[in-house]
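Student: So for the sequence shown, the working numbering puts the first residue at 4; every next one is plus one.
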Amino acid sequence: MTLDLATKGKHSALSKIAVQIARRTGLDDRAVLRGIWRRERLGSTAIGRGIAVPHALLRTVSSPVASFTRLAPPIDFTSADLVFVDLVFTLLWPRSEVRTFLPALSQLFRFVRVPLIREGLRLARSTEEVMAILQSEAWSITEIPSRAARSVAVR
4 MTLDLATKGK
14 HSALSKIAVQ
24 IARRTGLDDR
34 AVLRGIWRRE
44 RLGSTAIGRG
54 IAVPHALLRT
64 VSSPVASFTR
74 LAPPIDFTSA
84 DLVFVDLVFT
94 LLWPRSEVRT
104 FLPALSQLFR
114 FVRVPLIREG
124 LRLARSTEEV
134 MAILQSEAWS
144 ITEIPSRAAR
154 SVAVR
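(1) To the nearest angstrom, report how far apart R41 and R52 are at their CA atoms.
(2) Please classify P57: is it buried, with 16 or more other beta-carbons within 10 angstroms of its beta-carbon, or exposed?
(3) Whole angstroms are fine: how far does the CA of R121 sit from the CA of F87?
(4) Cα-Cα, which of T5, R128, A55 is closest to D79?
(5) How about R73 and L119: do their beta carbons lie closer than 9 Å?
(6) Quick check: the Cα distance between F92 and I136, rounded to an integer number of angstroms?
(7) Taking only three categories from DSSP, how would you classify V115?
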């Protein structure tokens, strides 16, 4: 988790996020970046309201990996609503668990649709405050139908 990450744009943000995920998980940062950038080239993963969800299905991941990054200042992520992105939820999912990926993504979308959640994440002053929001009752990751998904941890 990173708060107030300064970047020069979308590629810079995704590169920095990939490096941070790699450091925390032992994954290769180039493989992480390749995976999320491959998906991003298909179309922006910005979902509106200042939120982006870059993601990748990877063979090198044995369990789901989630990362939260707050950008400062917000950047152009080519969002359909033209709102610059400041909240980035990155998901790496095992290719072997592809059937559980869309339900997890859908649950994340429902979570970030809640205005109080978004505002809380934007106003949080510490990683502890962010963790409290992410672990709130509004977000129950165990509802995702997968044994692998139950091990998702925000890193």
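Yeah, the Cβ is synthetic: ideal placement off N, Cα and C, and Gly gets one too.
Tutor: A quick look at the data gives this:
(1) 23 Å
(2) buried
(3) 14 Å
(4) A55
(5) no
(6) 14 Å
(7) helix
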